[in-house]
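Below is one structure, written out as structure tokens, with a few remarks after it.
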Amino acid sequence: GDYQLNKIDVTDTTCEYCAVGCRFDVLTKDGKVLGTRPNHEKSPINGISTCVKGKFAHSYVNSDDRLTQPLVKEADEFREATWDEALDRVVEGLDSIREEHGADALGLVASSKATNEDNYVMQRFAREVIGTNNIDNCNRLCHAATVSGLSSTVGFGAASIGVEALEETDCYLITGSNTTEAHPVIATKIKQNVKDNDAELLVFDPRKIQMAEYADQFSRVEPGYDNTWINGLIRYIIDNDLHDEEFIEERTTGFEQVAETVEKFTPEFVEEKAGIPPEELKHAAETIANADSCVFCWTLGLVEHSHGTENIYAIANLALITGHIGEPKSGVSPFRGQNNVQGGGGDMGPLPNNFPGYQPVTDPENRKKFADAYDMDRGEMPDKEGFRITDMFLAAEQGDIKGMFIQGENSLISEPNIGHAREVLDELDFLAVQDIFLTDTAEFADVVLPATSSLESNGTYTSSTRHVQLVKRAIDPIGNTKPDWKITQELAKRFGYDWNFSHPSEIMEEINDLTPIYGGVTHERLEALGDGGGLQWPVWDEDHPGTPYLYEEQFQTTDGLAHMHPADTVEPSETPDEAYPLVMTSGRVLYQYHTGTMTFREEGDMSYSSKSFVEIHPDTAKEYGVSNGDTLDITSRHGETQSMAEITHRPSPGEIFIPMHYLDGGANNLTKETPLDGPSRSPEYKVTDVRIAVAESD
Ligand code: SF4
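Using the UniProt record's numbering, the first residue of the sequence shown is number 66, and each one after it goes up by one.
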């Protein structure tokens, strides 16, 4: 009756899709998710806005094919098992490899979708229980080059600004970011500022994305030549005395070297290599240099390259020589992808080189601090850096990694070169996968552990703008699922470790003690914040209010100065030739999220974009005799796939675009597992030479 109809539960929580960090109320009834509604009071970033995913895409939680029971494989078939049996099998599988080949023959993958608390516990499990630093996560496949580039120049591998800057700056340089599709709520704020306040918008991208339509200047970049045009801007600015000498003098080192390095990036050179006409270079350089404030925004188009870290050095140098950093409305703003890749994927230390809070594992003081806290003998704490996820897959191919434990990551599709990932997963002696669905990766597992989804979990996520925000359980765990941290704790117990967290807030207390930038982030404080909530790290202690923007007075380096690094690489690792004359770039579409584990189960989303496609320019289509809707054979030096042609002016002639979400027809059937970016070990997803042909019909 009416009473039942009214019995709807309301829980304020943080969106589990992208890292913009929108919050809203989730409405549930009898354990089913009904939808969401705005909650202005508790949503410091988005207020009353959400995008299509945040608004509608939560029914996957109640999907019929959720994993509800642990699975173990027998004679190549899965059968249901009790938690006891499944956990014992995981312990046995991991332990036998460790006994025979050592702890470093195991690789662990944490999940940037999971909470900070889940990830913290997972890194502790790797180090304390397994005894290895071979732990990593999907940050490696997205913004790792941002982290390596920014941490060695300005200090923190994170956005220096908050949402206010994105709403109020005078100028945006957006590059390699399809903002309207990948970070829709931020895109709306930017468009609003451009419209209402005449903020300048400069978009540099290989594709004529929607953001280009709102831009004062759209410049089409040759894929792989970002360093070239950014260095070109720097050269123009220095040559024309538009740089901020006072800022450079007082707050930076390395200017002379940068000035010398950019010498060769003349307007003619930039046009030849990166395809940017001199007048566009000039207009962008003058706009940035003359603006009172400027925000530099990027996503994966700038970083997923064989010299991604250099691209970040370059854009950081541009921000530094113009003095556009360390102010409320100026700074660097990488838009992070997964909901919690900033926190769970980075800050919490499921990383082969860092403990939580970016404290290097190679520093004996840090090892002592964590070993003491974990009640370990100091000598037991693994002291050498572990494998990055990309290197883990290469090491597995060589037989140096024998077993893996993958939490909430669909590596088969997200790793570069699906063919390579398939071989590696297939060859492992032991694989455990923990997820909410039987993903394409989980199919390879010996044991599958069913985890709770975001809407059944408690904890925190950290947004792109460093806001740590609460995630709250809106419905009870479905079936026999358990929260990630709890599963990890039960494994640790089976290995003989006495872990006794009873709630994620207790895990956060341990994080407070060991992670200075999260020193004062407690669940109690977050709960009490209300309007304007969310604490932006660093939050050094209980009384610290958080940090809306970084580097006001000092950079986070040993001497407090920003260290500019020259970046002079020009060419990507592949160049088109007769056999592979076209260049493929990849990216996301609005209605899908990463490998589609969740969004493919949303009827609404799927009806918009259920299949992969390949964008192809009309001129290229004409040259190859392609009509709209044709199935194309696409072949790279690394793999092949088929996808449906969509003729559009978005890519330039000579380039094609394929989304990354799909197993069939998706971009990663064509990408390569090497070479990797030196410092970050990230793959070059964004430049792949291909040839195309209309597929012969059966
Ligand atoms: Fe969720 Fe991102 Fe959409 Fe906001 S913009 S509702 S965080 S997917």
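Beta carbons: idealized from backbone N, C-alpha and C, even for Gly.
Asked	Found
Can you give me the Cβ contacts of HIS123 inside the same chain, cut-off strictly under 6 Å, excluding the 5 residues immediately before and after it?	VAL98
Mind checking who ARG285 pairs with in its DSSP beta bridge?	ASP270
I believe SER701 touches ASP754 by the beta-carbon criterion, under 8 Å. Please report the beta-carbon distance rounded to the nearest angstrom.	6 Å
Answer yes or no: does any C-beta atom of chain D fall closer than 9 Å to that of ASP442?	Of the protein chains in this structure there is only one, and it is not chain D.
Per DSSP, which one or two residues make a beta bridge with ASP633?	According to DSSP, ASP633 bridges with nothing at all.
May I ask you to check if the CB of THR115 is nearer than 8 Å to at least one heavy atom of the ligand SF4?	yes
GLU369: which of LEU346, GLY391, GLY214 sits nearest, CA to CA?	GLY214
If I measure Cβ to Cβ from ALA486 and keep anything under 7 Å in the same chain, skipping five residues before and after, which residues do I get?	PHE458, SER476, LEU477, GLU480
Within 10 angstroms of the Cβ of TYR68, are there 16 or more other Cβ atoms? Answer buried if so, exposed if not.	Unreliable positioning characterises TYR68 in this predicted model, as indicated by a pLDDT of 46, which lies under 50. A coordinate reading is not provided.
Whose C-beta lies closer than 6 Å to the C-beta of GLN275 among residues of the same chain, with five residues either side of it excluded?	THR245
Which residue from LYS107, LEU92, ASN104, ALA191 puts its Cα closest to that of ARG452?	Here residue 452 is Phe; the residue named in the question, Arg, does not match the sequence. Nearest of LYS107, LEU92, ASN104, ALA191 to PHE452, Cα basis: ALA191.
Quick check on ILE699: does DSSP put it in helix, strand or coil?	strand
For ILE723, count neighbouring Cβ atoms within 10 angstroms of its own Cβ and tell me buried if that reaches 16, exposed if not.	buried
Exposed or buried, what is VAL85 when buried is set at 16 or more other beta-carbons lying within 10 Å of its beta-carbon?	buried
Out of PHE334, ASN258, ALA247, VAL426, which one is the CA nearest neighbour of GLY366?	ALA247
To which residues does DSSP link ALA497 through a beta bridge?	PHE470, VAL512
When you compare only the Cα positions, how much space is there between SER358 and GLU314?	19 Å
Using beta-carbon positions only, say whether GLY410 and LEU171 come within less than 9 Å of one another.	no
If I'm right that ILE113 touches LEU92 with Cβ under 8 Å, what's the distance once you round it to whole angstroms?	About 15 Å; that fails the 8 Å criterion.
Could you tell me if the beta carbon of ALA539 falls within a distance shorter than 8 Å of some heavy atom in the ligand SF4?	no
If you follow the alpha helix (DSSP H) that TYR237 is in, where does it begin and where does it stop?	Where TYR237 is concerned, there is no enclosing alpha helix (DSSP H), although the beta strand (DSSP E) it sits in stretches over 236–240.
For TRP550, name the three-state secondary structure that DSSP assigns.	helix
What are the uninterrupted segments assigned as alpha helix (DSSP H) that are 4 or more residues long and contained completely in the segment 126–209, given in chain order?	148–166, 181–189
As a quick exercise: from GLY743, GLY473, ALA168, LEU503, pick the residue whose alpha carbon is nearest that of SER177.	GLY473
Roughly how far, in whole angstroms, is the beta-carbon of LEU579 from the beta-carbon of LYS433, given that I think they are within contact range, below 8 Å?	Actually they are not in contact, since the Cβ atoms of LEU579 and LYS433 sit about 12 Å apart, beyond 8 Å.
Which stretch, first to last residue, makes up the beta strand (DSSP E) that contains TYR526?	524–527
Please classify ASN419: does DSSP put it in a helix, a strand, or coil?	strand
Could you give the C-beta distance for ASN382 and VAL323, rounded to a whole number, given that I count them as a contact under 8 Å?	5 Å
Around the C-beta of SER692, are 16 or more other C-beta atoms found within 10 angstroms, so that it is buried, or is it exposed?	exposed
Considering only residues of the same chain and omitting the five flanking positions on each side of ASP149, which have a CB-CB separation below 7 Å?	none
Have a look at LEU728 and ILE543 and give me their C-alpha separation to the nearest angstrom.	27 Å
Which runs of the beta strand (DSSP E) at least 3 residues long sit entirely within the segment 276–340? Give them in chain order.	282–285
Could you tell me if the beta carbon of ILE251 falls within a distance shorter than 8 Å of some heavy atom in the ligand SF4?	yes
Is the beta carbon of TYR82 within less than 8 Å of some heavy atom of the ligand SF4?	yes
Which runs of the beta strand (DSSP E) at least 3 residues long sit entirely within the segment 339–411? Give them in chain order.	360–363, 396–399
Could you check whether TRP605 and ILE576 sit closer than 9 Å to each other, using their CB atoms as the reference points?	no
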